[in-house]
Amino acid sequence: MITVSGKSVCWREGMTVADLLKQIDDSQAYAVVRINDSYVTRPNFGKTVIPDNSEVFLIPMIAGG
Amino acid sequence: MDAKTKETFIGGKGYDLWLLWNAVKPTTKWNDPENEICIAAGPLGGTPIYPGSGKSIVTTLSPTTATVIDSNVGGYFGPYLKFSGFDALEIQGKTSNNVVIFIDGVDQKIQLFESTGLPDDAYELSATLTEYFAAGKPRSISVVSTGPGAKNTLIGCLNFTWYDVKRKRARYKQAGRGGIGTVFADKGIKALVARWDNVTADTNNPANKSALKNVAKLHSREIVELDPKQNEMRRIGTTHLVTIMNDHDLLPTHNFRYGQHREAPNIGQAVYRPLFDPGFDGCWMGCTVACSHGIKDFVPLTGPYKGQNVFVDGPEYETIAGCGSNLGIFDPHTVVEMNFYCDTYGLDTISAGTAIAFAMECYELGLINETHTGGLRLNFGNRLGALELVHQMAKGEGFGHVVGQGVRKMKEIFAKDFGADRKIMQDVGMEAKGLEFSEYMTKESLAQQGGYGLALKGPQHDEAWLIFMDMVHNFIPTFEQKAEALHWFPMFRTWFGLCGLCKLPWNDIIPEDNKDTSEPAKIMKHVQWYAEYFSSVTGRKTTPDDLIKMSEVVYNFQRIFNLRMGFGRREHDAIPYRAVGPVTEEEYLSREERYDKQLAEFHKVDINGKSTAEKIAILRQHREEQYEKLKNAVYNRRGWSSDGIPNLKTVKRLGIDFPEILELLKTHGVA
Ligand code: SF4
């Protein structure tokens, strides 16, 4: 099990960030997520595997900076 | 201020500009006595219960751009100045007496001290003056000062203090851009000190306290709830941006040649997180973002503080990129040391970083050599070389003295005195309007090229940061959409400067339901809160559209101010080609697939058989054309002529059709 922005989501072996975003079907276009203390960006979504028991945070980043 | 002026210029930057406009002439130079430094807090500044409400806005005529510069800075000075009875401070004239100006709101007096024997650098001076004036209450003091670097370069900054009760020390934030510290030093001012006692929700005298409390609570609570789930700015400041920018090819490295480097994680949040001293780091009271972190017990390896334990305020993203990756330096310790000494010496970390990066590139290109640099081998990555330049800037000695003149003047010196090629320096010297670029890559974002190039004061991202909207999310694909973004975002961001606010609480922590709104980039829920906040403090019923109109008035006035000083036209919105596309073959080849694809698919160019040099030239022609088209679209949206001058209809609509403005416009063919 992992939590995604505070909500529990089932975890499966080999699950990537890209898989997760497809699964939760969120309408927002995320470019960045945080897994525990590490930031993962869109170019790496497909190759970053989420470990079990992770806390995942979906980070809306649009016009900051 | 009479009622009409108040309604027109609102406060903060608006008041500063109006005071400065009335003080200077078109011929005034930055170091003339009549040039002024204006500081104002804005009507909302000094509210302790609404996050990010303690900014001071500082303006002057800049030594590097020769026209108006403005900077938005934290620390307690602006609010204390206002509570002492002054909406704005206007400093004119010059003295040779190292004056300390003490504005004492508690005892209601102003004193001017001639000073001798005070420390030269801001680190010690801030602590000394805080202790001297505190009368046992150091939190009641805020000091504004600079350092020897400001006197000996053109890129001096001002340090504004706030007292950190837990750590028992004066901390500071910087009004960095455009050499305001240099003007301050040139005036012979040693420091400004403001004193005020307790601050409560009543101190700013809000028109409707209960409405203020309601909206402040909503925003404050949301930040406390969501920041830990989003960027954790309360824990790591803006350091998370380093690897995020790096992954998107947006982190400047090697004088903006590239946007990515494999060693970038060495200067990212994972490294700084454990270095930051945990605790409350709000640069104004009650700011729940509290992102102004610092490092304690840091031991510099060079300079006058070598081997001593010091506290360093920072680093933030801009300093890490400017004094780190953009110099090819990926050592976190060097970045912190550059940060410490730049602040202490009163140097802007962004301009210092971008200027050193330019010098390093010129050295690597063979445009300058050791005979010019005083023996320094200025290859990218030379950590001690970069630090040595900072120390030389402080002393006004050696090659550091040349670098401290900023990129525009360096180009002139290198060409005239060292015979360096002007054309290549024009392409890679990262300045526009005379101001050094802040630290984002713009090659793949036309909208952000406009965000920098069309910014009134020069390439600082505080007007518009559209890279993600444009390049990553592709929300604004057409010229019209980019122009609309380059209208709305600079206007809304300007509003923070009118009111004495920090923009971070607006769009660095985002409501969970924001994604369901029609324009997620604007964070309209927060914009609505800001309108309510303004209404509750001033008693002037305000809608989100009113906020944009307030800014439009001051924004256009500033553009016209530039025009009055001999700038503010289309030609002044030019940017170096390094900001637009690949200058060298090395740059093109490093992203060959991307550029080839763009030429073939987007510009429909047959690239078969073309050399790299030919492809660079064709791409350049297309990209430069696009930038010019963008200018047309933005000028049109803003109600400006094709030469970038606000037209009559615009100044009338905004109520700034004063006789002297109409006269000025007439001399520029606008009638
Ligand atoms: S968000 Fe950060 S910079 Fe802005 S006021 Fe708060 S502490 Fe200061």
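Chains A and B supply the protein sequences, listed in that same order.
Heads up: the first sequence begins at 1 in the numbering used here, then just goes up one per residue.
Heads up: the second sequence begins at 1 in the numbering used here, then just goes up one per residue.
Note that the Cβ used here is the ideal one computed from N, Cα and C, for glycine as well.
Since this is a predicted model, take the numbers as computed values, not measurements.
Notebook entry, point to check: Taking all protein chains shown into account, do 16 or more other C-beta atoms lie within 10 angstroms of the C-beta of B:Ala135, making it buried, or fewer, making it exposed?
Noted result: On the second sequence, residue 135 of chain B is found 135 positions in, with the first residue counted as 1. Counting the other Cβ atoms within 10 Å of the Cβ of B:Ala135 gives fewer than 16, which makes it exposed.
Notebook entry, point to check: What's the call for B:Leu61, buried or exposed, on a 16-neighbour Cβ count within 10 Å?
Noted result: Taking the first residue of the second sequence as position 1, residue 61 of chain B is located at position 61. Only buried fits B:Leu61, as 16 or more other CB atoms lie within 10 angstroms of its CB.
Checklist line | Pair within 8 Å by beta-carbon distance, B:Thr288 and B:Ile223 | finding: Walking along the second sequence from the start, residue 288 of chain B turns up at place 288. Walking along the second sequence from the start, residue 223 of chain B turns up at place 223. Their beta carbons are under 8 Å apart, which means B:Thr288 touches B:Ile223 by this criterion.
Next item on the list: Counting only the same chain and skipping the five closest in sequence on each side, list residues whose C-beta sits under 7 Å from that of B:Lys629.
Entry: Along the second sequence, one-based indexing puts residue 629 of chain B at 629. Result list for B:Lys629: Phe479, in chain order.
Check: Between B:Ile69 and B:Gly385, what straight-line distance do the alpha-carbon atoms span, to the nearest angstrom?
Finding: Reading the second sequence from its first residue, position 69 is the one you call residue 69 of chain B. Reading the second sequence from its first residue, position 385 is the one you call residue 385 of chain B. Between B:Ile69 and B:Gly385, the alpha-carbon positions lie close to 30 Å from each other.
Margin query: According to DSSP, is A:Asn53 part of a helix, a strand, or is it coil?
Written below: For the purposes of this step, residue 53 of chain A is identified with residue 53 of the first sequence, where counting begins at 1. It is coil, neither helix nor strand.
Notebook entry, point to check: If contact means a Cβ-Cβ distance below 9 Å, which residues of the stretch 4-27 of chain B contact chain A?
Noted result: Within the stretch 4-27 of chain B, no residue qualifies.
Item checked: Span of the alpha helix (DSSP H), counted from its first residue to its last, around B:Gln528 -> As a working mapping, residue 528 of chain B is identified with position 528 in the second sequence. For B:Gln528, the enclosing alpha helix (DSSP H) begins and ends at 524-538.
Item checked: Counted within 10 angstroms of its Cβ, other Cβ atoms place B:Gly45 as buried (16 or more) or exposed -> Along the second sequence, read from residue 1 onward, the residue named residue 45 of chain B stands at position 45. B:Gly45 should be labelled buried.
Next item on the list: Following the continuous beta strand (DSSP E) through B:Ala207, name the residue where it begins and the one where it ends.
Entry: Position 207 of the second sequence, counting from 1, holds the residue named residue 207 of chain B. Counting along the chain, B:Ala207 falls outside any beta strand (DSSP E), and DSSP gives it neither H nor E.
Next item on the list: Report back the beta-carbon spacing between A:Met15 and A:Val49 to the nearest angstrom; my notes put them in contact at under 8 Å.
Entry: Sequence index remark: in the first sequence, residue 15 of chain A carries index 15 (1-based). Sequence index remark: in the first sequence, residue 49 of chain A carries index 49 (1-based). Correct: roughly 7 Å between the Cβ atoms.
Notebook entry, point to check: Hey, is the stretch 551-563 of chain B in contact with the stretch 17-25 of chain B, meaning 3+ C-beta pairs nearer than 8 Å?
Noted result: In short, these stretches touch, since the Cβ pair count reaches three.
Next item on the list: List the endpoints of the continuous beta strand (DSSP E) containing B:Asn159.
Entry: For the purposes of this step, residue 159 of chain B is taken as the residue at position 159 of the second sequence. 158-164 is the span of the beta strand (DSSP E), which, as asked, contains B:Asn159.
Check: Are there 16 or more other CB atoms within 10 angstroms of the CB of B:Ala40, so buried, or fewer, so exposed?
Finding: Sequence index remark: in the second sequence, residue 40 of chain B carries index 40 (1-based). Buried: at least 16 other Cβ atoms inside 10 Å.
Note to self: So the candidates are A:Asp26, A:Arg42, A:Ser54; which of them puts its Cα closest to the Cα of A:Arg12?
What the structure shows: The residue given as residue 12 of chain A occupies position 12 in the first sequence. That would be A:Ser54, whose Cα lies nearest to the Cα of A:Arg12.
Check: Using a C-beta to C-beta distance shorter than 7 Å, which residues of chain B count as neighbours of A:Asn44?
Finding: The sequence position of residue 44 of chain A within the first sequence is 44, counting from 1. Chain B residues near A:Asn44: Asp247.
Check: Along the stretch 444-474 of chain B, what residues have a CB closer than 8 Å to any CB found in chain A?
Finding: Closer than 8 Å at the C-beta level to chain A, one finds these residues of the stretch 444-474 of chain B: His461, Trp465, Leu466, Ile467, Phe468, Met469, Val472, His473.
Checklist line | Three-state class that DSSP yields for B:Ile350 in the structure shown | finding: One-based indexing of the second sequence puts residue 350 of chain B at position 350. Look at B:Ile350 here: in three-state DSSP terms it is helix.
Check: How would you label B:Ala175, buried or exposed, when you count the other beta carbons within 10 angstroms and need 16 or more for buried?
Finding: In the second sequence, the residue the question calls residue 175 of chain B occupies position 175. B:Ala175 should be labelled buried.
Margin query: Run through chain A and tell me which residues come within less than 8 Å of B:Lys209, C-beta to C-beta.
Written below: As a first step, residue 209 of chain B is located in the second sequence; it is residue number 209 there, counting from the start. Within chain A, no residue has its beta carbon less than 8 Å from that of B:Lys209; the closest one is some 31 Å off.
Item checked: Closer than 7 Å: B:Gly52 CB and nearest the ligand SF4 heavy atom -> Here residue 52 of chain B corresponds to residue number 52 of the second sequence, with the count starting at 1. Yes, the beta carbon of B:Gly52 sits closer than 7 Å to at least one heavy atom of the ligand SF4.
Check: Going by alpha carbons, who is nearest to B:Gly451 out of B:Ala574, B:Leu365, B:Val428, B:Pro511?
Finding: As a working note, residue 451 of chain B is residue 451 in the second sequence. Ranking the options by Cα distance to B:Gly451, first place goes to B:Ala574.
Next item on the list: Could you list the residues in the stretch 277-297 of chain B with a C-beta less than 9 Å from some C-beta on chain A, going in chain order?
Entry: Within the stretch 277-297 of chain B, no residue places its CB atom closer than 9 Å to a CB of chain A.
Next item on the list: Tell me, to the nearest whole angstrom, how far the beta carbon of B:Arg677 is from that of B:Ser71; I am working on the premise that it is less than 8 Å.
Entry: The question about residue 677 of chain B has no answer here: the residues shown for chain B are numbered 1 through 671.
Item checked: The alpha helix (DSSP H) enclosing B:Lys151, as first and last residue numbers -> Position 151 of the second sequence, counted from the start, is the residue given in the question as residue 151 of chain B. Counting along the chain, the unbroken alpha helix (DSSP H) around B:Lys151 starts and ends at 148-152.
Note to self: What I want to know is whether the C-beta of B:Ala290 ends up closer than 7 Å to one or more non-hydrogen atoms of the ligand SF4.
What the structure shows: Within the second sequence, numbered from 1, the residue matching residue 290 of chain B stands at position 290. Under cutoff, so the answer is yes.
Margin query: Please return the same chain residues whose Cβ sits closer than 7 Å to the Cβ of B:Ile661, not counting the five positions on each side in sequence.
Written below: The count along the second sequence starts at 1 and reaches residue 661 of chain B at position 661. The answer, listed in chain order, is Ile560, Val651.
Check: Whose Cβ in chain B lies nearer than 7 Å to the Cβ of A:Thr48?
Finding: The residue labelled residue 48 of chain A in the question sits at position 48 within the first sequence. In chain order: nothing, as chain B lies at least about 11 Å away.
Check: Excluding the five sequence neighbours on either side, which residues of its own chain have a C-beta within less than 6 Å of the C-beta of B:Val106, listed in chain order?
Finding: For the purposes of this step, residue 106 of chain B is identified with residue 106 of the second sequence, where counting begins at 1. Around B:Val106: Arg195, Asp197.
Check: Quick one: does the C-beta of A:Pro43 sit closer than 7 Å to a heavy atom of the ligand SF4?
Finding: Along the first sequence, read from residue 1 onward, the residue named residue 43 of chain A stands at position 43. Result no, Cβ not under 7 Å from the ligand SF4.
Check: Which one of B:His333, B:Ala321, B:Arg377 has the shortest CA to CA distance from B:Ala352?
Finding: Here residue 352 of chain B corresponds to residue number 352 of the second sequence, with the count starting at 1. Nearest of B:His333, B:Ala321, B:Arg377 to B:Ala352, Cα basis: B:Ala321.
Item checked: Residues of its chain near B:Tyr272, where Cβ-Cβ distance is below 6 Å and the 5 sequence neighbours each way are ignored -> Your numbering for residue 272 of chain B matches position 272 in the second sequence. So the qualifying residues of the chain are Thr239.
Check: Mind checking whether the beta-carbon of B:Gly374 lies closer than 7 Å to any heavy atom of the ligand SF4?
Finding: Taking the second sequence and counting its residues from 1, the one referred to as residue 374 of chain B is at position 374. No.
Check: How is the alpha helix (DSSP H) around B:Val73 delimited, first residue to last?
Finding: Position 73 of the second sequence holds residue 73 of chain B. Taken as a continuous stretch (DSSP letters only), B:Val73 belongs to no alpha helix (DSSP H), being part of the beta strand (DSSP E) at 68-73.
Next item on the list: Compare the beta carbon distance of B:Phe414 and B:Ile356 with 8 Å and say whether it is the shorter of the two.
Entry: For the purposes of this step, residue 414 of chain B is taken as residue 414 along the second sequence, with counting starting at 1. For the purposes of this step, residue 356 of chain B is taken as residue 356 along the second sequence, with counting starting at 1. Taking 8 Å as the Cβ cut-off, B:Phe414 and B:Ile356 do not qualify as a contacting pair.
Margin query: When you compare the CB positions of B:Val242 and B:Gly259, do they come within less than 8 Å of one another, or not?
Written below: Sequence index remark: in the second sequence, residue 242 of chain B carries index 242 (1-based). Sequence index remark: in the second sequence, residue 259 of chain B carries index 259 (1-based). Not in contact: B:Val242 and B:Gly259 (Cβ atoms no closer than 8 Å).
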